[in-house]
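> All residue numbers for the sequence shown refer to my numbering, where the first residue is 234 and numbers rise by one.
All C-beta atoms, glycine included, are put in the ideal place defined by N, C-alpha and C.
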Amino acid sequence: MNRFLMVIVVTLLFGAMGTKAEISDNSTDNPRKIPDSITVSANRFPTTLTTNASTVTVLTETDIKNSNATKVSELLQSVPGLAVVTSGGLGKQTSVFIRGTNSNHTLVIIDGVEMNNPSSPSTSYDFAHLNVDNIQRVEILRGSQSILYGSEAIGGVINIYTKRGFGKPTIELSTQAGTYNSYFQSATIAGSASSLDYSLNFSRKDFKGFSAASENVGGIENDGYENSEASLALGLQATDNIELVYSGKYFDATADADKTFFVYDDPNYTVQTKAKISSLTIRTLKQHNFFNPTLQLSYANQQLLNVDEKDPDHGSDASDLDSESNKLKLSFLNQLFINENSTTLFGIEYETEDYKSTSVNTFYDYFSLTEMTTTTIVDKVDADIISLFATEQYKFNNLTLSAGTRFDSHKDFGSVVTYRFTSAFKIPNTGTTLKGTLSSGFKTPSLFQLYDLNYGNKELDPEESRSWELGFTHHTADNQLTFGGTYFRIDITNLIGFDPMTYQSINVGEIDAQGVEAFAQFSLNNSNLRFDYTYTESIDKETDLQLIRRPKHMFAYSLNQKISEQINMQFLMRTTGKRFDNDFSTYPSDRVELEGYTIVNLGIDYNLNSFVTLKGTVDNLFDESYTEVLTFATPGRTAFIGLDLTL
C-alpha cells in the first residue's frame, strides 16, 4: 500500500509544475459539437451542468483521448457510482452496475438507438465489444430516469454520441501493439462541405489473449478475440431551419470462451456477436416559441451465435445457440418556450421488439447411458409499447425546478406511470449549487421472461423503482477547483426471478440500494487531477445480504500532466473494495468473499509534430493479481506502444 501512497505524492508534485494548461475541450469552432458545459441526457434537451439537478458525468472527447482507453467499459471504470465487471478478459461478458442496481437496470443508448438486447434473458447490455473509436462524448446519467427513457432506466442511462465532421477533410490513422499479441488499428476520415458533414471510421482489434478460466480451475489455453467495426455519421442542413442526421454502426466480434457455470477450460467454445444499428433524426435549428420538433427513427439488429463443438477433454458435450433480435423505435419530441424562464418538453414514442432463437444441446445421459440431443426452437415473439411523456423546467432567479410524468402502455402487462421532480439552487456569490431529485422507474419483463417455453410467464408485472438523491457541487471563482457529493437511494420492487420448484419466471425480489458519491477536481498549472469515491450498500431484501459483484467501496485518482509542449502523461489509480460472488461448483452454491485490489495505469504521449504522435501505456503497472468474477482470469501487467497520424 505504501508504494501507492508514494505514487500519489510523486504525481502531486508533477501537478505543481508548469504554467497554465488547456485542460478542457470547450472549443466552439465546431457548431456541431456539444459544448463541454452542456448535458443533453439529463433532460433530453441541452441543459447547463450548473443548473442541472440530476447527477450526470460527461466524458468529453478530450477525456476519452487522455484516458488511453480502447473500450467504453474502460472509460466507465473510474466514473462514480459505476461498478464494471468482466468475466475473463478482452471480448468477454462485461457488465455495468449503476448505484448497486442490476446490470439490466442500465439503459445504453448510441445516437438515439437503445442497445439493450431483446434476445438476452434479462435484456442487459454486454459492453464487451463497444470500442471508443469515433466517439465524441459519453454521458452517464444516474438514478431512475424512466420518465425520459422508459424501460431499463432504473439505475441510470449511458448515452453515447458519435463524432461529426467539420471543416476540411481530415484523415486520422491509429495503430497499437502490445502484450498478449494484441493489435489495434483505426482509420477515420471526417470533414464537411457546404451543408453536408461526414465522419467515417473503421477499426480492427486482434487479441491472442489468455485463458478466460483462471488457473485455479485449470485454465491454460489462450482465449483470443477479434472485432471488426465500422461507424458512419452524416449530417445535412436541408434548409436554414431543418437538419437531417444519420448515424450507423456495425460490428462483428468473435471471442474464444470457457464454460460459464461450472467454469473450466474449453478449447473450442466460441461466441460470435454481430450488431447493425441505425438512426435518422430530423430536427429544427431555429428556436420558436411553440414548435421545435425532433423526429427520430432508430433500429437495432443483434445476432448471437454460440458454438461449442465436441472435444476429447469434454466427451459428448456440445451446444449450438443461434439467436437474433430486432428493435425499432419512433420518437417525436417538441419543445415549447413560453418565456425565457420556461422550457416544456412533450414526447410520443412507439417501440416494437422481437427475437427468435434455435438451441441444440448434446450431452451424455448418465441414467440411460446414452448420448442425447435436445433442440429448442423459439419462433419469433414480439412486444410493443406506446409512451407519452411531458416535462416542465422553470427558472426562478437562482432556483431551477422541473417536474414531469410518463405513461407507458405495454401490449401484455398493461400500463405504468412514472414521474420525476428536480430542484437546483445556486447560492448567490458562492459557486455552490444544491441539488435534489425524486423519481421513479420501471423495467418491462424481457421477451424471454414472458414467452420462453420453459421459463416464461405472461402474468409478470414490470419491475419498479423509486429513486431519490440530495447533493451539492462547488466551484471556485477561477474554476481551478470543483468538488461535490451526492447521497442516493434506490428501492426496487417486483424484481423478476425464478420459482425454485417450477423454474418459471415470477415477481419475487426487492433491492434496497443507497450510498454516497463524492468527487474533487483540480486544474493546477499544467495538470488536471481528479479524485472520485463511491460507497454503495446494495441489499437483497430477501436475504439481507450485499448483492454479488457490487463493492461497498470504490476509489479512483487520475492525473493528466502536460510535462512539456510535446510530452503529456496520464496516470490512473483505481481501488475496488471487497465484494462477494457465488461459487457454483457446490450445490447449493456457496457465497465467497473476493479480496479488494488496486490497479495502476500509466501512459505517455509524445507529439513529434502536428501530424505524428507516439504513445505508450502500461496497464496494471504493479502486476496486481486480482479477481473480478470468481473462477475467471484477469490480465496481468500489459504494455502497449502506438502511433497516431493526422493528415
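May I ask you to report which of helix, strand or coil DSSP gives Leu282?
On the sequence shown, position 49 is the one that residue 282 refers to. Looking at Leu282 - three-state DSSP - the assignment turns out to be coil, as it is neither helix nor strand.
> For a test of the three-state rule: what should DSSP assign to Thr655, helix, strand or coil?
Counted from its first residue, the sequence shown places residue 655 at position 422. Correct three-state label for Thr655: strand.
> Check this for me: beta carbons of Thr472 and Ala488, under 8 Å apart or not?
On the sequence shown, residue 472 is found 239 positions in, with the first residue counted as 1. On the sequence shown, residue 488 is found 255 positions in, with the first residue counted as 1. No, Cβ-Cβ distance for Thr472 and Ala488 is not below 8 Å.
> Under 8 Å, do Ile832 and Asn853 count as touching if we go by C-beta distance?
As a first step, residue 832 must be located in the sequence shown, where it is residue number 599. As a first step, residue 853 must be located in the sequence shown, where it is residue number 620. Result yes, Cβ atoms of Ile832 and Asn853 sit closer than 8 Å.
> Suppose you measure from the CA of Tyr431 to the CA of Asp814; what does that come to, to the nearest Å?
As a position in the sequence shown, residue 431 is number 198, starting the count at 1. As a position in the sequence shown, residue 814 is number 581, starting the count at 1. Rounded to the nearest angstrom, the two C-alpha atoms are 46 Å apart.
> Is the beta carbon of Ser352 closer than 8 Å to that of Ser556?
Locating residue 556 in the sequence shown gives position 323, counting from the first residue. Locating residue 352 in the sequence shown gives position 119, counting from the first residue. Yes, they are a contact pair.
> Of the residues Arg870, Arg807, Thr864, which one's Cα is nearest the Cα of Leu309?
The count along the sequence shown starts at 1 and reaches residue 309 at position 76. The option with the nearest alpha carbon to Leu309 is Arg807.
> Would you identify the three-state DSSP class for His708, choosing helix, strand or coil?
Position 475 of the sequence shown, counted from the first residue, corresponds to residue 708. Correct three-state label for His708: strand.
> How far does the beta strand (DSSP E) with Phe873 in it extend, from its first residue to its last?
Your numbering for residue 873 matches position 640 in the sequence shown. Per DSSP, Phe873 belongs to the beta strand (DSSP E) from 871 to 879.
> Under 8 Å, with one C-beta from each stretch per pair, do the region 668 to 675 and the region 700 to 712 reach the 3-pair mark?
As far as the Cβ criterion goes, the region 668 to 675 touches the region 700 to 712, which means the pair count is three or higher.
> Tell me, please, whether the region 339 to 356 touches the region 405 to 419 by the rule of three or more beta-carbon pairs shorter than 8 Å.
Touching, no, given that fewer than three Cβ pairs across the two stretches are closer than 8 Å.
> Hey, could you find the ends of the alpha helix (DSSP H) Asn881 is sitting in?
Residue 881 lies beyond the stretch modelled for the chain, which goes from 234 to 880, so this question has no answer here.
> Can Ile331 and Ile393 be called in contact, C-beta distance under 8 Å?
One-based indexing of the sequence shown puts residue 331 at position 98. One-based indexing of the sequence shown puts residue 393 at position 160. Cβ atoms of Ile331 and Ile393: not closer than 8 Å.
> Is the beta carbon of Asn501 less than 8 Å from the beta carbon of Glu542?
The residue given as residue 501 occupies position 268 in the sequence shown. The residue given as residue 542 occupies position 309 in the sequence shown. Against a cut-off of 8 Å, the Cβ pair of Glu542 and Asn501 comes out as a contact.
> What ranges does the beta strand (DSSP E) occupy inside the region 309 to 333, keeping only unbroken runs of at least 3 residues that lie completely in it?
Runs of the beta strand (DSSP E) inside the region 309 to 333: 315 to 319, 327 to 331.
> With H, G and I counted as helix, E and B as strand and the rest as coil, what does DSSP make of Arg812?
Within the sequence shown, numbered from 1, the residue matching residue 812 stands at position 579. Arg812: strand per DSSP, three-state reduction.
> Look at Leu680 and Tyr588 and say whether their C-beta atoms are less than 8 Å apart.
Translated into positions along the sequence shown, residue 680 becomes position 447. Translated into positions along the sequence shown, residue 588 becomes position 355. For Leu680 and Tyr588, yes; Cβs fall inside 8 Å.
> Helix, strand or coil for Gly251, going by three-state DSSP, please let me know.
Indexing the sequence shown from 1 puts residue 251 at position 18. Unreliable placement is indicated for Gly251, whose pLDDT of 36 sits below 50; the coordinate value is still reported in the next sentence. Residue state, collapsed to three classes: coil.
> Is any heavy atom of the ligand MN found at a distance shorter than 7 Å from the C-beta of Ser791?
This structure lacks the ligand MN, and indeed carries no ligand of any kind.
> Which complete alpha helix (DSSP H) runs does the region 609 to 686 hold, if anything under 4 residues is left out?
Listed in chain order, they are 680 to 684.
> Tell me which same chain residues have a C-beta within less than 6 Å of the C-beta of Leu537, skipping the five on either side of it?
As a position in the sequence shown, residue 537 is number 304, starting the count at 1. Closer than 6 Å at Cβ, skipping near neighbours: Thr506, Ser556.
> Which term fits Asn662, buried or exposed, when burial requires 16 or more other beta carbons within 10 angstroms of its beta carbon?
The sequence position of residue 662 within the sequence shown is 429, counting from 1. It counts as exposed.
> On the three-state DSSP scale, how would you describe His786?
For the purposes of this step, residue 786 is identified with residue 553 of the sequence shown, where counting begins at 1. Strand.
> Could you give the first and the last residue of the continuous beta strand (DSSP E) run that contains Asp456?
On the sequence shown, position 223 is the one that residue 456 refers to. Run containing Asp456: 456 to 470, per the beta strand (DSSP E) assignment.
> What residue range is occupied by the uninterrupted alpha helix (DSSP H) comprising Ser379?
As a first step, residue 379 must be located in the sequence shown, where it is residue number 146. That run of the alpha helix (DSSP H) goes 379 to 382.
> Do Gln682 and Ser738 count as a contact pair if the criterion is CB distance below 8 Å?
For the purposes of this step, residue 738 is identified with residue 505 of the sequence shown, where counting begins at 1. For the purposes of this step, residue 682 is identified with residue 449 of the sequence shown, where counting begins at 1. Yes.
> Nearest to Val329 by alpha carbon, out of Leu602, Arg824, Pro784, Asn793?
By one-based count along the sequence shown, residue 329 stands at place 96. Cα-wise, what sits closest to Val329 is Pro784.
> Considering Ile796, what are the terminal residues of the alpha helix (DSSP H) in which it resides?
Taking the first residue of the sequence shown as position 1, residue 796 is located at position 563. It is not in any alpha helix (DSSP H) - Ile796 carries neither H nor E in the DSSP assignment.
> I think Asp717 touches Leu728, with their Cβ atoms under 8 Å apart; what is that distance to the nearest whole Å?
What you label residue 717 is simply residue 484 of the sequence shown in a count that begins at 1. What you label residue 728 is simply residue 495 of the sequence shown in a count that begins at 1. Before going further, note that residue 717 is Gly rather than Asp in the sequence given. At roughly 31 Å, the Cβ-Cβ gap does not stay under 8 Å, so Gly717 and Leu728 are not in contact.
> Classify Thr261 as buried or exposed, calling it buried when 16 or more other Cβ atoms lie within 10 Å of its own Cβ.
Residue 261 sits at position 28 when you count from the first residue of the sequence shown. Its pLDDT being 44, under 50, Thr261 is placed unreliably in this model, and the value from its coordinates should be taken loosely. With fewer than 16 Cβ atoms within 10 Å of its Cβ, Thr261 is classed as exposed.
> Work out the CA separation of Arg870 and Thr408 for me, nearest whole Å.
In the sequence shown, the residue the question calls residue 408 occupies position 175. In the sequence shown, the residue the question calls residue 870 occupies position 637. C-alpha separation (whole angstroms): 20 Å.
> Does DSSP classify Asp443 as helix, strand or coil?
Counting from one through the sequence shown, the residue named residue 443 turns up at place 210. According to the sequence displayed, residue 443 carries Phe and not Asp. Of the three classes helix, strand and coil, the one that applies to Phe443 here is strand, per DSSP.
> Considering only the beta carbon of each residue, do Ile744 and Thr339 sit closer than 8 Å?
The sequence position of residue 744 within the sequence shown is 511, counting from 1. The sequence position of residue 339 within the sequence shown is 106, counting from 1. Cβ atoms of Ile744 and Thr339: not closer than 8 Å.
> Can you grab the Cα-Cα spacing for the pair Leu778 / Gln747, in whole Å?
In the sequence shown, residue 778 corresponds to position 545, counting from 1. In the sequence shown, residue 747 corresponds to position 514, counting from 1. One C-alpha to the other measures close to 14 Å.
> State buried or exposed for Tyr583, treating a residue as buried only when at least 16 other CB atoms are found within 10 Å of its CB.
As a working note, residue 583 is residue 350 in the sequence shown. Classification of Tyr583: exposed, given that the 10 Å Cβ count is below 16.
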